[in-house]
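Below is one structure, written out as structure tokens; comments come after it.
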Amino acid sequence: QKNRIEVLAGGFKMYDVVFYPSDYLSTIGIGYKRKVKNKLSVGLEYVQPNFSLPTSAAYMGVRTLTQHVIVDYYDDTGKLYFRKNYHYWDLGVNYECLRIKNHALNIKQHLSLAHGTDEYIAEIIAYEYPNEFHVIYSIIEPQKAHYWGGVTGIDYNYFLWKDRINIGLSADARYYFNNFPFQVNYGLHVGFNF
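Just so we're aligned: the sequence shown equals residues 63 to 256 in the numbering used here.
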């Protein structure tokens, strides 16, 4: 079989982020791979992490990644406040580095595009007392954003039904330019080979 379609489900760990969900099933995705040589294939994946901020009624149910939550003075105007509704598109190569009977170990290197909405603090209305700063109201301005980066990953597969079905585990490191947070994705996948 030269073609594979996979569904993915798992979680993620982020760095330099104030809040993000810690659920084990906070990421879903789908992927397609096409074998070009015996051990080499090209792949395309779509991944959607489920960012959420349940502490704010205004953002209830919205996929949000928070990097700057605490507004503590007027000079916070213009700072990044939320990221939300992000999607990842990954395109690259996969290499099967080890195969023993029904077990296989693969590595991958993909180019990645993350796109969604970044929200910035446009205006802060507050009152001040000596040594105190209380925000009464803030105006948040949304902006569409995208970030280029890469994905380096490893996955394990076990093949069933004459290599038509594969199930396995994966771990990917995601890194992007322009201060988009570094993250590690992990989870399970199930594939159909044809």
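C-beta atoms are modelled at their ideal positions from N, C-alpha and C, and glycine is treated no differently.
Item: What first and last residue would you give for the beta strand (DSSP E) that runs through D180?; Value: H165 to Y191
Item: Can you name the start and end residues of the beta strand (DSSP E) that D152 belongs to?; Value: L142 to I162
Item: Taking only the alpha-carbon atoms, compute the straight-line gap between E158 and S200 and give it to the nearest angstrom.; Value: 51 Å
Item: With DSSP as the reference, identify every bridge partner of D217, one or two as the case may be.; Value: N168 and S232
Item: Who are the near neighbours of G178 in its chain, counting only those whose CB is closer than 7 Å to its CB and skipping five residues on each side?; Value: R145, K146, N147, Y148, H149 and A207
Item: Checking the sheet assignment: what are the DSSP bridge partners for W223?; Value: The partner list for W223 (beta bridge, DSSP) is empty, contrary to what the question assumes.
Item: Return the first residue and the last residue of the beta strand (DSSP E) that K95 is part of.; Value: T89 to K97
Item: What first and last residue would you give for the beta strand (DSSP E) that runs through V79?; Value: Taken as a continuous stretch (DSSP letters only), V79 belongs to no beta strand (DSSP E), as it is neither H nor E.
Item: Within a Cβ cutoff of 6 Å, which residues of the same chain sit near K75, ignoring the five residues on either side of it in sequence?; Value: V246
Item: Can you tell which of F221, G212 and I90 has its C-alpha closest to the C-alpha of R161?; Value: F221
Item: So which of I169, F195 and G211 has the shortest CA-CA distance to V104?; Value: I169
Item: Below 7 Å CB to CB, which residues in the same chain sit around A119 once its five sequence neighbours on both sides are set aside?; Value: Confidence in A119 is poor, its pLDDT being 32 and thus under 50, which makes the residue's placement unreliable; the coordinate value appears in the next sentence. The answer is none, since no qualifying residue turns up.
Item: How many angstroms separate the CA atom of W210 from the CA atom of I198?; Value: 36 Å
Item: Does the distance from the C-beta atom of I92 to that of Y108 stay below 8 Å?; Value: yes
Item: Would you mind giving the Cβ-Cβ distance between G212 and L173, rounded to the nearest angstrom? I have them listed as a contact below 8 Å.; Value: 6 Å
Item: Mark K40 as exposed unless 16 or more other C-beta atoms lie within 10 angstroms of its C-beta, in which case mark it buried.; Value: It is not possible to answer for residue 40, since the shown part of the chain is limited to 63 through 256.
Item: To the nearest whole angstrom, what separates the beta carbons of N219 and A166, a pair I think is in contact under 8 Å?; Value: 5 Å
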